[in-house]
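Please read the structure below before turning to the comments.
Right under this line is the structure:
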C-alpha cells in the first residue's frame, strides 16, 4: 500500500494544484433510474471535473451501463438530478449529449470495422465543400486532419485508408478517443475500454486516457479492473447492486482497498480458494481472508 | 400499434393517386385522345336470368395470379353463373397439391357442382373421386383432355393442345414459313410444351423451342431479339400468349428480322395488332366459352339432367383462327373480354 | 504492482517515433489495394464471360448483339443500383420486383381512367413509388423487424394490390393501352427511346443506367450520405452513437429503391404500352444477385455502385449468350445457374487473393 502511494501521491498533488477542480462539468446528485418496478440505480452522486479521471467500478449488473446511458442521453434518470455546467438537464438523444460536449466511446461499438480509418474518424461530422447539389466530402482535408489529430494523441498509422477493422482493439479505442477529443468533447465516457484487450493493448489505451485528461477533458472511465482504474484515476466510485458503495479521491483509498470493495470482500476470498483449484489462475496477489477484515470494516462500507 | 399491420400502401396509394390526379384534372391536364372516355361507348348486352333455385358451383383452376387468359375464363364462368342463378365460388392455385386442397374445400362446402382443370391429373385423382363419392357432379375444363373420362368427369370443355398445335402448324404451312421458333414463356408447363410439339409435328419447316421468363418483359424482348440475331433464317415467331406476342413484335423490329409473329391466345391489344398487320394470326381456344360452358353444364345437369358430349366426347372450344379477315368482328368481343 | 506504466500515464503523450508499427499496419502494394476494390472480382469475371461467349457464339460478336445484352442488363441494372445501396446500408427489399409493376400500373391506370395526359400518371406514379419506399423504411424502423420480413409483407401486399386494383379499374388483369393518349410519345422519347450510334440502335436505358451508376458512385464515395450508408450497414449502433441519423438514412435508401422502381416502371409502360399485373415477381432476387456478383456483402457495410453494374452485365451476357450460342434451350436454366456460380466463384477467388497477406 505504501509503495503504490509513493509514486502517485506526488502526481495527484500536482494535479490538485494545477487546473483546479473548481467547477464540475457533469454532476449527478442522488440520481437513479427505475425500469418499471426494477430499480437499476439509486442515489448515485458523481462529479466530473475537467482534467480529471473519474473511475466508476463495479461488477457485472452493478448499474454501470445504466449510469452511462443516463449521462450519454440514451436513457433518462427517474430520480435525483443531472447537472451539466451547474444546470439541470435531461437528454433525450445521444446527439443532445454530444452537443453538450459529452462523448461516449463504447467498447464494442466504437467504430465501423469495414470503413477506412479516416471515414471512421469523421463519421457523423463529415467535412464538406461546395454548394448544395454538388456538396461533397473534403477528403484531403479530412485525411490530413485525421492524421494530425491521431499524431497529436501519439497514434501513428501508415495508411489511413485501411479498414479500421484491421487495427488492433486498442488502436481502435484510441482512434475513437482521438475522435471524441477532436470534436470538442469536454467529457469523455469510456465504457470498459480495456475489457477485451490484452495487457499491452490495455496499456496503450490507458496512455491515451491520460493524454485526453492532459488535454483538459473530464474522463469517466468505466471498468471492472481496479488495477487499470488506479493507474489513471483521480477519483473512484464503486457501484454495487445499483447503489454507490464507495466514493473516494485517490489519496483516500489504496489499490488494495479498491480491489476489495470492487470484488466484495469476503466473496473474493472465497473465490480465491476456488480459483486456486483451477490450474493456470494466479491467485498470489489476491488477499487472504484475514487481510480483509480491516478494509471491509471501514465506515465507507456502510453504504452497501 | 395495431395500425402498423394494416395494408396501408394499398389504401394510401389509390388515395394519393386520386387526390393528386383530381388536382391535376382541375388544372386542365386531361388527354384529348384515348383513355377511358374514348372507350366508353359500347353497350353491355344484358341477358335474362333463370328462375331455378339457387345453386352453388365451385370452379377450381390451376391459374397463377393475374393471368389474362384465366381472367377471361373466369368472366365466362361468372356470366353463366349470373344467368343461371348460380353462386360461383372461384379459386385457383398453380401448385397441384394446393389445387387439390381447394377442391376438398369445395367438397366441404357441400357445393352442387365442381368445375376443375386437370393440369396435373394424378394429383387431382383422389380428391375428384372423393367429390364423386359425395355425389357432387364434376366437369373438366381447359386441361385434362386425356384423362377426364377415366376420372369419371361428366363432361369436358377445352381445346386439345396438341390438336390446336397441329392446326397451327398446318396454318403455318399455308403461309409459306420455313423456320419457326416456338417461344415458351414458362419452362416445364405441359400444355405449352404440347402446343409447340403439335406445331413441330405438322409444320413442314424447321421448329425449335426458346424459353423466356414470361414475368419479365425486357428479358423476353432481349431473348427473342438475341435468338433472331443468332439465327437469321428464322422467319416465323410462334408465341403461346398474347402479351408475349406483342413483345415479340418489338423484338423482330429490333433484330431487323423479316420474321412474322403468330400466336396462341387472344386479348384486346392483340386484335389491334392483327388489324395493324403486326401479327399474322392468332389461334384462340375461347377461354370464355370454357368457363361459361363448364358452369352452364352443371346447371343443366342439376335442373334438366342433360350433359354435353354424352360422357363420351369432349366439347372442343378451339382452335378458332383469328386473322386479318375476321378480326373486325372479333375485336369488339375481345375488347369486352369475351374472346 | 504494475506501476511500471504509471509515469507514461502522467506525462504528456510521448508522440512516439514513426517506427511505432506493428505488422498489422504495413502498407499494402498498389496491386493488392486495387484488387481489394469490391468490383474488381466481378470485372474479371465479366471479362471471362465476355471472352467465353465471344469465342463460343459467332453472333455474339456483332455490335447489335452487344446492344441487346446491354439492354437487358440496363433494365435490371437500374434497379440493381438502389438495391445495392440498400444492401450496403444493411437491408433487403424483397418488394423491389413488384414495386416496378406497381409504379407502371399506377401511371397507366390513372392516366387511362381519368383520361389525362400521361405525364400526370408518371408524376403520380413517382409519388406512389416513393411512398411505398418510405413506408417500407418507416415500418422497418417502427417495428424493428428484419427487413426480410417487412419487405416480404409489402411484396405480398403490392402483388395482391397490383392484381386487385387493376381488376377493379380495368376489369382485366392488364392495364389498358395508353399508346394513343396525349403525352405518350413525349414520355416514350424520355423513358423508352433509342439512340443510334454507328448504325446500331442502343436503348436509352443503357445510358440512364451508366449515368445513374456514376451518380450512385459519387453519392457513395464522395458525400456525407454515402459515408452514412456504409456506416449504418457496417455497424448501425456505432453509427447511431456518433450521431449518424440512422433512421433517416435507411428510409432514404428505401425511397431510393422506390425511385428506381418508378423509373423502370415507366420504361416498361412506355415501351410495352400496357402492363400485366403479374409482372415483376421474382425480379427482386435478380437485383440482389446482380449486387452480390458485383461484390456487395449480403450482410451490409461493404460494396460499390459499379459492382452491380458489372453484375447486371454478367447476368445479361449469360442470359443472352446462351441463346446466341444456340445451346439446347431445355438446359437454359441449368446453364444460367452454372455460369452465375462460376462468375461468383471467380469473384470470390479474386477477393481472397486481394485480402491474402
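Chains as they are written, first to last, in our numbering: chain G, 3 to 306; chain H, -9 to 329; chain A, 34 to 390. In this text, a Cβ means the ideal position worked out from N, Cα and C, and glycines have one as well. It should be emphasised that the depicted structure is a prediction, and the values quoted were computed from it without experimental measurement.
Which stretch, first to last residue, makes up the beta strand (DSSP E) that contains residue i?
i, result
"residue 191(G)", "189 to 193"
"residue 198(H)", "196 to 201"
"residue 31(G)", "28 to 37"
"residue 49(H)", "45 to 51"
Answer with yes or no whether the minimum CB distance from residue i to chain A is below 8 Å.
i, result
"residue 264(G)", "no"
"residue 162(G)", "no"
"residue 31(G)", "no"
"residue 201(H)", "yes"
"residue 307(G)", "Residue 307(G) is absent from the model: chain G starts at 3 and stops at 306."
"residue 247(H)", "no"
"residue 21(H)", "yes"
If you compare alpha carbons, which of the options is closest to residue i?
i, options, result
"residue 236(G)", "30(G), 53(G) and 191(G)", "53(G)"
"residue 361(A)", "200(H), 170(H) and 157(H)", "200(H)"
"residue 62(G)", "253(G), 241(G) and 279(G)", "241(G)"
"residue 109(H)", "313(H), 50(H), 145(H) and 153(H)", "50(H)"
"residue 87(A)", "380(A), 365(A), 354(A) and 193(A)", "354(A)"
"residue 83(A)", "379(A), 351(A), 67(A) and 339(A)", "351(A)"
"residue 330(A)", "104(A), 123(A), 73(A) and 100(A)", "123(A)"
"residue 242(H)", "309(H), 81(H) and 170(H)", "170(H)"
"residue 379(A)", "227(A), 318(A), 344(A) and 218(A)", "344(A)"
"residue 206(A)", "263(H), 250(H), 232(H) and 247(H)", "232(H)"
"residue 121(A)", "312(A), 339(A), 95(A) and 73(A)", "339(A)"
"residue 70(H)", "88(H), 320(H), 115(H) and 40(H)", "40(H)"
"residue 228(H)", "43(H), 306(H) and 183(H)", "183(H)"
By the DSSP assignment, the alpha helix (DSSP H) with residue i in it spans what residues?
i, result
"residue 104(G)", "It is not in any alpha helix (DSSP H) - residue 104(G) instead sits in the beta strand (DSSP E) that spans 104 to 108."
"residue 127(G)", "No alpha helix (DSSP H) holds residue 127(G); DSSP gives it neither H nor E."
"residue 240(G)", "It is not in any alpha helix (DSSP H) - residue 240(G) instead sits in the beta strand (DSSP E) that spans 237 to 242."
"residue 260(A)", "257 to 267"
"residue 190(A)", "180 to 203"
"residue 318(A)", "316 to 326"
"residue 204(G)", "201 to 216"
"residue 153(A)", "151 to 176"
"residue 125(H)", "Per DSSP, residue 125(H) belongs to no alpha helix (DSSP H) and is neither H nor E."
Take the Cβ of residue i as the centre, count every other Cβ of all protein chains shown within 10 Å, and call the residue buried at 16 or more, exposed below.
i, result
"residue 264(G)", "buried"
"residue 312(H)", "buried"
"residue 124(H)", "exposed"
"residue 150(G)", "exposed"
"residue 226(G)", "buried"
"residue 324(H)", "buried"
"residue 295(A)", "buried"
Using a beta-carbon distance below 8 Å, is residue i in contact with chain G?
i, result
"residue 35(A)", "In this predicted model, residue 35(A) has a pLDDT of only 38, less than 50, meaning its place in the structure is not dependable enough to derive any value."
"residue 275(A)", "yes"
"residue 70(A)", "no"
"residue 175(A)", "no"
If we define contact as Cβ-Cβ less than 8 Å, is residue i a contact residue for chain H?
i, result
"residue 207(A)", "yes"
"residue 357(A)", "yes"
"residue 180(A)", "no"
"residue 218(A)", "no"
Check the Cβ of residue i against every Cβ in chain D and list those closer than 9 Å, keeping chain order.
i, result
"residue 92(A)", "Going by chain labels, chain D is absent from the structure shown, which instead holds the protein chains G, H and A."
Would you call the stretch 108 to 127 of chain A and the stretch 245 to 261 of chain A touching, i.e. three or more CB-CB distances under 8 Å? yes
Contact between the stretch 114 to 125 of chain A and the stretch 203 to 218 of chain H is defined here as three or more beta-carbon pairs at a separation below 8 Å; is this criterion met? They do not touch, by the three-pair rule.
Between the stretch 161 to 178 of chain G and the stretch 201 to 209 of chain G, do at least 3 Cβ pairs fall closer than 8 Å? The stretch 161 to 178 of chain G, when compared against the stretch 201 to 209 of chain G, does touch it at the 8 Å Cβ threshold.
When you compare the stretch 303 to 315 of chain A with the stretch 202 to 212 of chain A, are there three or more beta-carbon pairs, one atom per stretch, that lie closer than 8 Å? yes
Does the stretch 286 to 297 of chain H come close enough to the stretch 66 to 76 of chain H that 3 or more CB-CB pairs lie under 8 Å? yes
Are the stretch 90 to 98 of chain H and the stretch 312 to 324 of chain H touching by the rule of at least three beta carbon pairs closer than 8 Å? Fewer than three beta-carbon pairs drawn from the stretch 90 to 98 of chain H and the stretch 312 to 324 of chain H are found closer than 8 Å, and the two stretches are therefore not classed as touching.
Decide if the stretch 140 to 157 of chain A is in contact with the stretch 293 to 304 of chain A; the criterion is three or more beta carbon pairs, one per stretch, under 8 Å apart. yes
Tell me whether the stretch 138 to 151 of chain G and the stretch 90 to 109 of chain G touch, counting them as touching only if at least three CB pairs, one residue from each stretch, are closer than 8 Å. no
Would the stretch 70 to 83 of chain A and the stretch 279 to 290 of chain A be scored as touching if the rule is three or more Cβ pairs under 8 Å? no
Do the stretch 133 to 152 of chain H and the stretch 110 to 119 of chain H meet, that is, are 3 or more Cβ pairs less than 8 Å apart? yes
Pairing CB atoms from the stretch 147 to 163 of chain G with CB atoms from the stretch 115 to 123 of chain G, are three or more of them under 8 Å? yes
Check whether the stretch 269 to 276 of chain H and the stretch 243 to 257 of chain H touch, using three or more Cβ-Cβ pairs below 8 Å as the test. When Cβ pairs closer than 8 Å are counted between the two stretches, the stretch 269 to 276 of chain H is seen to touch the stretch 243 to 257 of chain H, the count reaching three or more.
Just checking, does the stretch 71 to 85 of chain G make contact with the stretch 27 to 37 of chain G on the three C-beta pairs under 8 Å criterion? yes
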